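Step one of this worksheet: look at the structure below.
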Amino acid sequence: MTGTADNLRDGVIMLGAALPAVLLFRRFGLGAVLGYLVAGVVIGPQILDLVGDAQGKMGIAEIGITLLLFLVGLELNPRRLWELRRDIFGLGAAQVIAAGLAVALVLRFAAGFSPKAALAIGLPLALSSTAQVLPLLRSQGRLHTQFGERAFSILLFQDLSIIPLITIITALSRAPVDQSAPPGWLLGLYTAGAIVALVLAGRYILTPVLRLIGKLGEREMFVALGLFTVLAASALMEWLHLSTALGAFVAGVMLADSPYRHELEADVEPFRSILLGLFFLTVGMLLDLSAIATRPFFVLGIAAALIVVKTLVLFGIAKIARMETRSAFALGLLLSQGGEFGFVLFGQAQAAYLIAPEAASLFSAVVTLSMATTPFLMSLARRFGGEEAGAKLRGIAGPEEAAQGQAIVVGYGRFGQTVTQMLFARGMSLTIVDLDTEMIDISDRMEIKVYYGDGTRLDLLRQAGADEAELICFCIDGDQPSADVLEAVQEAFPHARLLVRVFDRRDVLALKKIGLAGQSVREVMESAVKMGRMALDSMGADTEEIDRIEADYRERDRRRLRAQHEAGELRVQTAMGLMYRPGRTPDALDDKAEA
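As structure tokens, this is what we get:
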């Protein structure tokens with residue numbers, strides 16, 4: 074009972090300190106991370122000494138890091154990864170390597186660190202704060218601008234680089250060899266086997282379970298499964314003497330293609346936020362203020378040098394990537410601070426006997442101080458980095474602000490505008506969702522409210538009122554939602570009728586498998602038929618003949634789709650026999666098809 078009482082008391086104190094600190098720091102635009110750090114310092118052993126065993130609490134708090142890496146893995150949808158591949162693996166890799174080596178050189182020659190120690194500190198300092206930068210970009214409406222996407226790509230690569238950086242620190246280690254640990258070659262086999270096992274488990278176990286949960290409509294089960302997946306993958310890696318962060322990341326990647334990815338992300342995010350907050354609290358509690366007090370100018374000088382070096386390095390890389398000068402400088406400023414993973418890597422370096430505990434405290438303070446400058450640097454970055462681009466998204470409402478509508482229209486391009494006009498003509502109430510900020514701006518001027526968001530996400534559709542909507546129309550320009558996504562929408566909102574704009578008959582065939590072929594519209598089918606009628610009329614055909622040809626064509630098209638669906642491919646002889654050929658009349662073609 075004493076242990077339970079102590080834990081309850083510590084929990085009350087930590088949350089009680091965090092709440093006012095985070096509210097205060099957010100009120101002044103300084104961000105939640107700095108609030109958590111300062112609260113941890115105040116209640117820690119260095120000042121009030123209200124909470125003990127900070128090191129023990131760090132073990133629990135690090136689950137926040139694993140959840141963060143799980144969410145990073147969920148972002149690695151192959152299509153998005155492919156679209157951002159140059160920024161992720163070009164800008165991102167160049168930034169980590171160049172900034173890490175540049176900071177290591179400064180520490181080697183300006184501060185007198187050994188080469189191994191300089192590298193063990195310099196590489197972690199190359200990382201920026203994902204937990205701080207992304208929420209700031211999102212709150213200011215800049216995440217989906219070109220500038221925001223490049224910042225996201227670099228942060229994503231930095232998060233992915235945690236695993237190789239841990240490996241590098243392990244390779245540099247001066248610590249005595251752990252006799253119980255497996256040899257390196259066996260760890261390599263363990264790593265490959267664990268990744269394959271996790272991917273197979275995701276495909277053949279987790280995906281069917283997610284589908285079952287989606288059909289049952291039990292939202293809390295998504296939370297349970299998401300947390301189970303992260304903890305089980307991390308526990309497997311821990312058992313194999315591997316990185317728990319790697320397990321969490323692989324768990325996210327193996328579910329990145331799931332139609333329930335966004336649902337998992339929305340349900341796990343609150344746990345990630347609170348546990349990551351606990352992580353920053355414990356980091357603040359562990360800061361050695363006496364070590365900092367003895368060398369305050371060193372901490373200030375290294376923090377300033379870190380910001381300057383990272384800004385200049387990233388500015389140069391961005392210019393090589395042909396970014397505009399102001400945007401390149403803004404990007405450098407935005408990502409010039411140290412990051413939360415630096416605390417983890419300093420702990421690894423200390424355990425590897427590469428740096429002393431005092432050095433770990435000093436450089437944790439450097440990271441903390443540099444993170445404190447982020448809100449001010451971001452304000453400066455907005456002056457250099459295209460305030461206009463960020464302004465386009467600021468003030469744009471999300472679907473959570475919409476009143477309940479009878480129908481939801483996803484996509485407000487040329488196709489969606491026609492659909493909404495016809496629904497408005499009947500007096501229906503609509504919630505319209507689109508990702509095109511320029512279109513949203515134009516629609517506002519025409520007094521039609523369009524909300525910003527990705528309408529293929531289950532959590533966003535739920536915010537838009539899909540639980541009560543009678544109809545959901547997918548009218549998206551460009552890439553259409555996949556059959557898996559639409560099936561998940563069907564299962565999540567069974568009372569809503571779905572109508573889907575598709576590109577061609579391949580998409581229709583894909584939707585047949587989930588029973589939506591009859592609720593799909595090929596985007597150019599009707600306009601092409603209309604032009605065909607006009608072409609026949611211009612060539613002298615009378616109305617009766619035109620009507621007969623149109624009816625015959627539609628029937629043949631319907632029969633072709635059925636034959637292709639049954640065969641599972643486009644080039645099936647029965648379907649090809651139903652196509653018109655040069656010089657053949659419809660009747661002759663019918664005879665040949667019957668033969």
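According to our numbering, the residues represented by the sequence shown are 74 to 668, in order. For glycine and all other residues, C-beta sits at the position ideal for the given N, C-alpha and C. Please read all numbers here as calculations on a predicted model, not as lab measurements.
Select from Gly500, Leu142 and Thr441 the residue whose C-alpha is nearest the C-alpha of Tyr109.
Here residue 109 corresponds to residue number 36 of the sequence shown, with the count starting at 1. Cα-wise, what sits closest to Tyr109 is Thr441.
In chain order, what residues of the same chain have a beta carbon less than 6 angstroms from the beta carbon of Phe352, not counting five sequence neighbours either side?
The sequence position of residue 352 within the sequence shown is 279, counting from 1. The residues are Ala134 and Gly137.
Taking only runs of the alpha helix (DSSP H) that begin and end inside the region 492 to 562, which ones reach a length of at least 4 residues, in chain order?
510 to 518 and 531 to 536
For Ser600, the three-state DSSP class (helix, strand or coil)
Here residue 600 is taken as the residue at index 527 of the sequence shown, counted from 1. Note: Ser600 maps to helix in three-state DSSP.
Straight-line gap, Arg159 to Glu342 (C-alpha atoms, nearest Å):
The sequence position of residue 159 within the sequence shown is 86, counting from 1. The sequence position of residue 342 within the sequence shown is 269, counting from 1. In a straight line, the C-alpha of Arg159 is about 28 angstroms away from that of Glu342.
Which residues mark the beginning and the end of the alpha helix (DSSP H) in which Arg399 is found?
As a position in the sequence shown, residue 399 is number 326, starting the count at 1. First-last of the alpha helix (DSSP H) with Arg399: Thr398 to Leu407.
What residue range is occupied by the uninterrupted beta strand (DSSP E) comprising Leu571?
On the sequence shown, position 498 is the one that residue 571 refers to. That run of the beta strand (DSSP E) goes Arg570 to Val575.
So, with DSSP's three-state summary, where would you put Ser593?
As a working note, residue 593 is residue 520 in the sequence shown. Here Ser593 sits in strand by DSSP.
Mapping DSSP to helix, strand and coil, what is Val356?
Taking the first residue of the sequence shown as 1, we reach residue 356 at position 283. If DSSP states are grouped into helix, strand and coil, Val356 belongs with the helices.
Just how far apart, CA to CA, sit Thr54 and Arg368?
With the chain covering 74 to 668 only, the question about residue 54 has no answer from this structure.
Mapping DSSP to helix, strand and coil, what is Val124?
For this step, residue 124 is matched to residue 51 along the sequence shown. Val124: coil per DSSP, three-state reduction.
In terms of residue numbering, what span does the alpha helix (DSSP H) encompassing Ile428 cover?
On the sequence shown, residue 428 is found 355 positions in, with the first residue counted as 1. Segment: none, Ile428 is in no alpha helix (DSSP H) and carries neither H nor E.
At what residues does the beta strand (DSSP E) containing Ala480 begin and finish?
As a position in the sequence shown, residue 480 is number 407, starting the count at 1. Segment Ala480 to Val483, the beta strand (DSSP E) holding Ala480.
Secondary structure at Gly129, three-state DSSP: helix, strand or coil?
By 1-based counting over the sequence shown, the position of residue 129 is 56. Helix at Gly129.
Supposed close pair Ser226, Gly129 - CB separation, criterion 8 angstroms
Reading the sequence shown from its first residue, position 153 is the one you call residue 226. Reading the sequence shown from its first residue, position 56 is the one you call residue 129. That pair is no contact at about 37 angstroms.
CA-to-CA distance, Leu533 to Lys465, given in whole angstroms
Counted from its first residue, the sequence shown places residue 465 at position 392. Counted from its first residue, the sequence shown places residue 533 at position 460. Note that Lys465 scores 44 on pLDDT, short of 50, meaning its location in the model is unreliable; the coordinates nonetheless yield the value given after this. The alpha-carbon atoms of Lys465 and Leu533 are separated by roughly 21 angstroms.
Provide the residue span of the alpha helix (DSSP H) that contains Lys189, from first to last.
Here residue 189 refers to the residue found at position 116 of the sequence shown. It spans Pro188 to Leu198 - the alpha helix (DSSP H) in which Lys189 sits, taken as one unbroken run.
Is it a yes or a no for the region 380 to 393 touching the region 355 to 371, going by three-plus beta-carbon pairs under 8 angstroms?
no
Which of helix, strand or coil DSSP assigns to Gly299
Position 226 of the sequence shown, counting from 1, holds the residue named residue 299. Helix.
Using only the heavy atoms of the ligand MN, determine whether one of them is closer than 6 angstroms to the beta carbon of Tyr277.
Judged by which ligands are present, the structure shown has none, so any question about the ligand MN falls away.
contact_flag[the region 333 to 342, the region 88 to 103] where n(CB pairs < 8 angstroms) is 3 or more:
no
Does the Cβ of Pro332 have 16 or more other Cβ atoms within 10 Å, making it buried, or fewer, making it exposed?
Residue numbering aside, residue 332 sits at position 259 when the sequence shown is read from its first letter. It counts as buried.
Given a cut-off of 7 angstroms on the beta-carbon distance, is the pair Phe566 and Ala601 in contact?
Along the sequence shown, read from residue 1 onward, the residue named residue 566 stands at position 493. Along the sequence shown, read from residue 1 onward, the residue named residue 601 stands at position 528. Going by C-beta atoms, Phe566 is not nearer than 7 angstroms to Ala601.
So what does DSSP say about Pro118, is it helix, strand or coil?
One-based indexing of the sequence shown puts residue 118 at position 45. Looking at Pro118 - three-state DSSP - the assignment turns out to be coil, as it is neither helix nor strand.
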